[in-house]
Amino acid sequence: MPRYTRPTMATRYRCDACGNLTRFDVVATRRTRSFHHFSVGGDLSIEDEEVLDHVVESVTCRWCGAGGASIQELPVGGGAGGTVPSEEAS
Ligand SMILES: [Zn+2]
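Going by our numbering, the sequence shown opens with residue 17, and the numbers climb by one from there.
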């Protein structure tokens, strides 16, 4: 079974209502399997986390509060004309 490779960047979003590209509340469900490695003393380190399922339930703009159809998903990593939205000052 091939190992699931996580994307290094999540999906980007854009708010059509106000043009926001950088601030969103994202509600998502993530189901993962990971190796919980306990030391003898009981300290936990989590290794080899594998995302089994990742469902984005809702995205809301932090600036104007718009959600639903106002939020557009932007493809990450090219494919749409090569125009990468510029990062806004934070
Ligand atoms: Zn907005």
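Every residue, glycine too, gets a C-beta built ideally from N, C-alpha and C. Note that the structure is predicted; figures quoted are calculated from it, not measured.
Taking only the alpha-carbon atoms, compute the straight-line gap between Cys80 and Glu89 and give it to the nearest angstrom. Against the sequence shown, residue 80 aligns to sequence position 64. Against the sequence shown, residue 89 aligns to sequence position 73. Rounded to the nearest angstrom, the two C-alpha atoms are 17 Å apart.
The segment 54-61 contacting the segment 27-39, beta-carbon criterion three pairs below 8 Å: no
Would you say the beta carbon of Ala82 comes nearer than 7 Å to a heavy atom of ligand 1? Within the sequence shown, residue 82 is the residue found at index 66, counting from 1. Checking every heavy atom of ligand 1 against the Cβ of Ala82, one is found closer than 7 Å.
Mapping the DSSP letters down to three states, classify Ala85 as helix, strand or coil. The sequence position of residue 85 within the sequence shown is 69, counting from 1. Ala85: helix per DSSP, three-state reduction.
What number of angstroms, rounded off, separates the C-alpha of Gly83 from the C-alpha of Pro91? Reading the sequence shown from its first residue, position 67 is the one you call residue 83. Reading the sequence shown from its first residue, position 75 is the one you call residue 91. Going by the C-alpha atoms only, they are around 18 Å apart.
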